[in-house]
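Heads up: the protein sequence lines correspond to chains A and B, in order.
The first sequence begins at 0 in numbering that gives the first Met the number 0 and counts up by one.
The second sequence begins at 0 in numbering that gives the first Met the number 0 and counts up by one.
2 protein chains.
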Amino acid sequence: MKKNILVVGSVALDSVQTIHGRTIKGLGGSAVHFSLSASQFSPVRLVGVVGKDFPQPFCRLLKRRNIDLEGMQVMSGKTFHWKGRYDKDFKNAATIATELNVFEQFKPSLSGTHSKCGVLFLANIDPDLQWDVLRQMDKPRLVACDTMNYWITLKQASLKRLLSKVNLCFMNEEEARQLTKEYNLITAAKKLTRMGPQAVVIKRGDSGSMLFYGKEVLAMPAHPVERVVDPTGAGDTFAGGFMGYLAASADWRNFNVLKRAMAYGTVMSSFSVENFSVRSTEKLSKAEITRRYLAYTTSLTVK
Amino acid sequence: MKKNILVVGSVALDSVQTIHGRTIKGLGGSAVHFSLSASQFSPVRLVGVVGKDFPQPFCRLLKRRNIDLEGMQVMSGKTFHWKGRYDKDFKNAATIATELNVFEQFKPSLSGTHSKCGVLFLANIDPDLQWDVLRQMDKPRLVACDTMNYWITLKQASLKRLLSKVNLCFMNEEEARQLTKEYNLITAAKKLTRMGPQAVVIKRGDSGSMLFYGKEVLAMPAHPVERVVDPTGAGDTFAGGFMGYLAASADWRNFNVLKRAMAYGTVMSSFSVENFSVRSTEKLSKAEITRRYLAYTTSLTVK
């Protein structure tokens, strides 16, 4: 089970409007975007909750992609529904509606198989729930988490308790600044590292991402995309490629392995923004990923 | 004269305030920042204008750096003085005062030696003056220009006339968007290329830079800097490293040469932001540049 990834997070239906059109109740949620990306590299087990309205084709889609849904609870009620709109700069989503529905009662409980997964990704949910999940695990070799501004504001103590026990954390630049009260991202990452994680990944949207690991500081650009259609889930898709690659590697503590993980995360997220919902990542072939990975890493090699 | 760079632009005294302190009437101006950076790679001849108040030590400083000042006119009156303040995010300078002084009468006229320089950099000045300079040149092998929002608004026709005759243009992302009315930078760069230049460099501050050349699209990250003191002149320092390296190369049309130029531009600008005015770049050794260039390019090499 060393290479198995357990992901705990939201499964949602997203209605999104951008300059390129709209989608109504498309498949979404942090655990979904993460899983579709990570499963390209390692087997994934998803723990989440949906309502009775959750379309069966979405379950089939996920299963086809080597994602185990044993941990996807179906509760009476409706699935988490998010409705949002992006401006042409795609920087900030304006939330039109957040209907938590069954997600409000989400209380993840792990089976024996779940708890034996070697790698755990705690997607953005209440840090107290993330903590509960972590405590149910049986000595995972790699634990990573994500979070959001909401929890930094409302549950900072819980979040800090969690950070003290994870190996790796993902944050976007605004969140890193909010939590550390530091504007400079190197200074912010140093503070984050002192809170616990050995590695910190700061996501910067179309400005790329940064990795902080020991004394190493690595900035990588986004893979340029000419037609950004929908950025929803790009961060989770990034984390999926990153964690998926790490889970498949023998030693995630090797800096060259972490660098390749950054490149895979970048490439996977560049696909995800090219279409609504999971339309890009659901049908992606390994060959397409490898082709873009080689183009991206070659472009960065200065000879 | 093939490798000689002629730069035409502003020579200024800058008074700048940031969260890390302030400087009063420090050496500045686009032609100065460019020259101190480019002269690390190729001989530079500067054409500009200063007033009688321009401190002699600043002239000596530039001459020590292999910058020819034959074309630096001294007019009666005061030197261009800019006074500004940056917020902690260093994104936009708030101008407190712009005293153009003698710069208002700047009418560059080239000597025979100037006109025979192989490489021309038209720093950000009135596009009609940039055009006048270009017409005085004797078949330069490489011409590049910079501009700013002010000219895009007020002299767009003149700017477009200029763009139709240059090989390369530098713009920051906001300027590229303003001129092309395109938000996406790939789309914007395609439009810019159709206006004339074979290569387009889009500067994105701490988000790095992008190069567009034929079908090639290259995004490079900024070199991470923990203590940003003063970003004034970073764009011109970038262009200086870029153009200096190109001028020293036999074939600037080779994509690998352009990539190295991007890396040198990035590295030079990362030095420039670490101190006020030209305090970082005035004393930089070739060894320091090479060390950071290797660190930067190695970090981007994904093995």
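Where a beta carbon is used, it is the ideal one built from N, C-alpha and C, also for glycine.
Note that the structure is predicted; figures quoted are calculated from it, not measured.
C-beta neighbour in chain B for residue i, strict 9 Å
| i | result |
| --- | --- |
| D127(A) | no |
| V227(A) | yes |
| G243(A) | no |
| R291(A) | no |
| Y85(A) | no |
| S298(A) | yes |
| K202(A) | no |
| T186(A) | yes |
| D88(A) | yes |
| A262(A) | yes |
| P223(A) | yes |
| N91(A) | no |
| N255(A) | yes |
Pick from the options that is closest to residue i, judged by C-alpha positions
| i | options | result |
| --- | --- | --- |
| V199(A) | S206(A), G207(A), D205(A), A187(A) | A187(A) |
| L61(A) | M74(A), H32(A), V73(A), T78(A) | H32(A) |
| G204(B) | T297(B), G27(B), M267(B), E69(B) | M267(B) |
| T236(B) | V277(B), P54(B), S284(B) | V277(B) |
| K1(A) | D137(A), M74(A), Q16(A), L133(A) | D137(A) |
| N91(A) | P107(A), Q16(A), G27(A) | Q16(A) |
| V142(B) | I18(B), R252(B), T296(B), T78(B) | R252(B) |
| D13(B) | R21(B), R259(B), F105(B) | R21(B) |
| G117(A) | N255(A), A247(A), S298(A) | A247(A) |
| G28(A) | Y263(A), G239(A), L245(A), T300(A) | G239(A) |
| S269(B) | R59(B), I4(B), G234(B) | G234(B) |
| T94(B) | Q197(B), L184(B), V46(B), T231(B) | T231(B) |
| G264(A) | D250(A), K282(A), I201(A) | I201(A) |
| G50(A) | L217(A), G195(A), H80(A) | H80(A) |
| L99(A) | F120(A), G47(A), R140(A) | G47(A) |
| S298(A) | E174(B), F89(B), K258(B) | K258(B) |
| N65(B) | T152(B), M74(B), V43(B) | V43(B) |
| L119(A) | E103(A), L210(A), G76(A), C144(A) | C144(A) |
| T192(A) | L167(A), Q104(A), L45(A) | L167(A) |
Cβ of residue i within 9 Å of any chain A Cβ
| i | result |
| --- | --- |
| S206(B) | yes |
| Y212(B) | no |
| Y149(B) | no |
| V10(B) | no |
| H19(B) | no |
| L132(B) | It should be noted that the sequence gives Val, not Leu, for residue 132(B). Chain A, which has no Cβ nearer than 9 Å to the Cβ of V132(B), makes this no. |
| T152(B) | no |
| V216(B) | yes |
| A249(B) | no |
| P220(B) | yes |
| K258(B) | yes |
Reduced DSSP secondary structure (H/G/I, E/B, other) of residue i
| i | result |
| --- | --- |
| K285(A) | helix |
| V256(A) | helix |
| M170(A) | strand |
| V49(A) | strand |
| G28(B) | coil |
| M267(B) | helix |
| P107(A) | coil |
| G239(B) | helix |
| K154(A) | coil |
| N274(B) | coil |
Per-residue burial, residue i [other beta carbons within 10 Å of its own, 16 or more giving buried]
| i | result |
| --- | --- |
| Y149(A) | exposed |
| Q39(A) | buried |
| P56(A) | exposed |
| Q129(A) | buried |
| P220(A) | buried |
| G111(A) | exposed |
| D67(B) | buried |
| A11(A) | buried |
| I18(A) | exposed |
| G213(A) | exposed |
| N255(A) | exposed |
| A96(B) | exposed |
| I288(A) | buried |
| E174(A) | buried |
| I23(B) | exposed |
Cross-strand partners of residue i (DSSP beta bridge)
| i | result |
| --- | --- |
| T22(B) | V15(B) |
| W81(A) | D13(A), T97(A) |
| A92(A) | Y85(A) |
| F211(B) | V199(B), V216(B) |
| I66(B) | V43(B) |
| L119(B) | L5(B), V142(B) |
| Q72(B) | V48(B) |
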